[in-house]
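Participant: The end of the sequence shown is residue 255 by the working numbering, with every number in the run present.
Quick one: structure below, then a few questions.
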Amino acid sequence: MARLLGYHVAQAAVVVYGRFEQHIHKPFDLRKVEFSLLMLLLANGPLTPSQLARTLTLGAPTLSMLLDRLQARTLLRRERNPRDGRSQHIVLTPKGRRLAQASADAAGPMERELQQRLTPAEHAMLIELLARVAGQRPAR
């Protein structure tokens, strides 16, 4: 098992998910995918459903249910695209922006807890290697 990548990723995931549960899920009632979606909207402003689905690697039906759930909590709304009335943008509501910012602030201590066992160089290398395993290029 010592050489199995999947085993080590799963072991690390248990730790990461435990910290997420403590810092984000319980205090803000957000699932991982909901938190990720709110962070995308907070960082980028309005996005189309297709942009969100592609970034979060979700199918359209799954994304639609996720958006419905967050819209029911009045955290976001769907607006017509001003450039193309046939498509929509997903926009944070004021309540959604406050929750997204508060949960982003809470993620800072969580990240520091997770990084404390790594040097800055090890952290950068881990991000790069995990992005490569996931088939993505890390942001620079």
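We put the beta carbon where it would ideally sit given N, CA and C, even for glycine.
#1: Pick from M225, L245, R184: whose alpha carbon is nearest that of R146?
#2: In whole angstroms, what is the alpha-carbon distance linking A222 and Q231?
#3: Which class does L191 belong to by DSSP, given the choice of helix, strand or coil?
#4: Could you pull out every unbroken alpha helix (DSSP H) segment of at least 4 residues lying fully inside the region 122-189, listed in chain order?
#5: With 16 as the cutoff for other CB atoms within 10 Å, does H204 come out buried or exposed?
#6: Rounded to whole angstroms, what is the Cα-Cα separation between R193 and H138?
#7: Taking Cβ to Cβ, would you say L190 is nearer than 8 Å to L207?
Facilitator: Concretely, from the data shown:
#1: R184
#2: 14 Å
#3: Strand.
#4: 147-159, 164-171, 175-187
#5: buried
#6: 28 Å
#7: yes
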